[in-house]
Amino acid sequence: MHQNSHPSSVSNYRILRRMLALYRLVKKQERSLQQHLPELLNKVAPGHAQTFSAQHIKRITKYWQLGLNLICENLYHLTGKQLNAEERHRIILLSVFGPLFDDLFDDKLLDHEQIASLVENPEAYVAVNNTDRLVIKLYLEILRLTPQRELFVEQLKAVFFWQKESLKQLNGQITENELYRITYNKSYYAVLLFCAVLDHYPGQEILEMLYPVAGLMQLTNDAFDVYKDVHNGVYTLPNLYRNFGQLQQHFMAEIASINYKIWQMPYASKNKQDYAITIHSLHAMGWMSLEQLKDVTAEIHSIAALRALSRKTLICDMDSFQQKRKWLGHIRRLTNYYDLSSGLIKGPSVETERLTY
Numbered sequence: 062m063h064q065n066s067h068p069s070s071v072s073n074y075r076i077l078r079r080m081l082a083l084y085r086l087v088k089k090q091e092r093s094l095q096q097h098l099p100e101l102l103n104k105v106a107p108g109h110a111q112t113f114s115a116q117h118i119k120r121i122t123k124y125w126q127l128g129l130n131l132i133c134e135n136l137y138h139l140t141g142k143q144l145n146a147e148e149r150h151r152i153i154l155l156s157v158f159g160p161l162f163d164d165l166f167d168d169k170l171l172d173h174e175q176i177a178s179l180v181e182n183p184e185a186y187v188a189v190n191n192t193d194r195l196v197i198k199l200y201l202e203i204l205r206l207t208p209q210r211e212l213f214v215e216q217l218k219a220v221f222f223w224q225k226e227s228l229k230q231l232n233g234q235i236t237e238n239e240l241y242r243i244t245y246n247k248s249y250y251a252v253l254l255f256c257a258v259l260d261h262y263p264g265q266e267i268l269e270m271l272y273p274v275a276g277l278m279q280l281t282n283d284a285f286d287v288y289k290d291v292h293n294g295v296y297t298l299p300n301l302y303r304n305f306g307q308l309q310q311h312f313m314a315e316i317a318s319i320n321y322k323i324w325q326m327p328y329a330s331k332n333k334q335d336y337a338i339t340i341h342s343l344h345a346m347g348w349m350s351l352e353q354l355k356d357v358t359a360e361i362h363s364i365a366a367l368r369a370l371s372r373k374t375l376i377c378d379m380d381s382f383q384q385k386r387k388w389l390g391h392i393r394r395l396t397n398y399y400d401l402s403s404g405l406i407k408g409p410s411v412e413t414e415r416l417t418y
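Residue numbers (the working numbering): 62 to 418.
What follows is the structure, given as structure tokens:
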């Protein structure tokens, strides 16, 4: 056991200080991206900058902030490293590329064979529409700049594989086991795609920790998206089975596992605390959303009845002062939670199938 492997309690003040610092950083990043994104797009793909709508810019910004603050910079801070200018540039390129690549699949702009061809042999790919034309330019630029080209291609193949697997979520007969498997893996490989543009790819110890981190990130997203998903015919763990007691048990067992893994790592205690606070700031929102869904769906026994509930009822509003205060409390609870005495409760096959695609 490492000398600093026993977690010390994180105070409310420590949580608040970290969250305020992140808030100020995010606002600064938003201004910076708005200023520099058109220049970047014109450099990589001349003439395409004007094709980005306000909604596109919003998605790119969200993708970038998630990839930069929650994944890349957070991991580097944990391990005592700092992102250099080249890595930051590649993260921005990937943040523009990612939503557009998703559009190729989600909006059926290309069939699966075309997407596979683009991913596996980009130099030979011939674009057929404006979106894939921009995607291929961004992809080739990322490959040109990324230290481990083959690793990035392999991770993108995995992302595409789990996109295809997620189509099973359009079938209301999908099993709970399969939902766990898809929920975790599609998020995990999206996280690893960001890691693949870094100079220092995570070692096995961190990869093991990132798996439950990513799984709870996607579970959080699904909990917040229940209203949208039930109206789009997408089945998820929160909306199809609605076994919130089991989900919350699973959630806390994963939090304990994550914290245990973090505190076994040979890094500075402060860095480990900062890392845990940052990732659990998102997980805490997921917990609050599950709590709300548990309350409002107590008498709901079908997808049809769930679909009849209002958007306001199903979406966890994080804007009020009371909710923000509650959120900070949950961040502290999750960050300080490390009791493994009850054992780990996992969705079946999640752990054993994570590295196959």
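Think of the CB as a built atom: it goes at the ideal place given N, C-alpha and C, for glycine as much as any other residue. None of these values were measured; they are calculated from a predicted model.
Expected contact under 8 Å - CB spacing of residue i and residue j to nearest Å
i	j	result
residue 152	residue 166	22 Å between Cβ atoms; not a contact.
residue 281	residue 346	6 Å
residue 338	residue 376	Actually they do not touch by this definition, with Cβ atoms about 25 Å apart.
residue 76	residue 233	Contact flag wrong, Cβ pair sits at about 40 Å.
residue 333	residue 324	6 Å
residue 243	residue 229	7 Å
residue 118	residue 102	Rounded, the Cβ-Cβ distance is 10 Å, inconsistent with contact.
Beta-carbon proximity check, residue i vs residue j, cutoff 7 Å
i	j	result
residue 317	residue 398	yes
residue 144	residue 137	yes
residue 257	residue 213	yes
residue 372	residue 245	no
residue 227	residue 198	no
residue 344	residue 240	no
residue 231	residue 299	no
residue 309	residue 351	yes
residue 121	residue 154	no
residue 135	residue 336	yes
residue 216	residue 179	no
residue 156	residue 124	yes
residue 206	residue 106	no
residue 126	residue 71	no
residue 192	residue 328	no
residue 357	residue 319	no
Residue of the options minimising C-alpha distance to residue i
i	options	result
residue 251	128, 285, 265, 294	128
residue 200	231, 314, 320, 159	159
residue 301	173, 368, 149	368
residue 170	157, 119, 188	188
residue 263	296, 326, 279, 304	326
residue 236	296, 270, 81	296
residue 268	172, 243, 322	322
residue 396	96, 117, 342, 103	342
residue 388	361, 243, 348, 359	348
residue 150	307, 260, 275	260
residue 37	100, 224, 270, 181	Within the shown structure, residues of the chain are numbered from 62 to 418, placing residue 37 beyond reach of any answer.
residue 394	370, 359, 312	312
residue 83	340, 360, 374	340
residue 359	270, 133, 93, 306	306
residue 114	290, 161, 304, 315	161
residue 116	148, 218, 104, 164	164
residue 174	148, 147, 92, 218	218
residue 286	220, 374, 265, 315	374
7 Å Cβ cutoff, residue i in contact with chain C
i	result
residue 250	Protein chain content of the structure displayed is limited to a single chain, and chain C is not contained in it.
Which parts of the region 263 to 334 are runs of the alpha helix (DSSP H), unbroken and 4 residues or longer, counting only runs that do not cross its ends?
265 to 285, 287 to 293, 305 to 324
So within the region 76 to 156, which uninterrupted alpha helix (DSSP H) runs reach at least 4 residues, ignoring any that extend past its ends?
115 to 126, 134 to 140
3 or more residues per run - each beta strand (DSSP E) lying fully within the region 349 to 390
Segments of the beta strand (DSSP E) lying fully in the region 349 to 390: there are none.
Along the chain, which unbroken stretches of the alpha helix (DSSP H) at least 4 residues long are found entirely within the region 195 to 236?
210 to 226
Quick one: complete alpha helix (DSSP H) runs, 4+ long, within the region 156 to 186?
173 to 181
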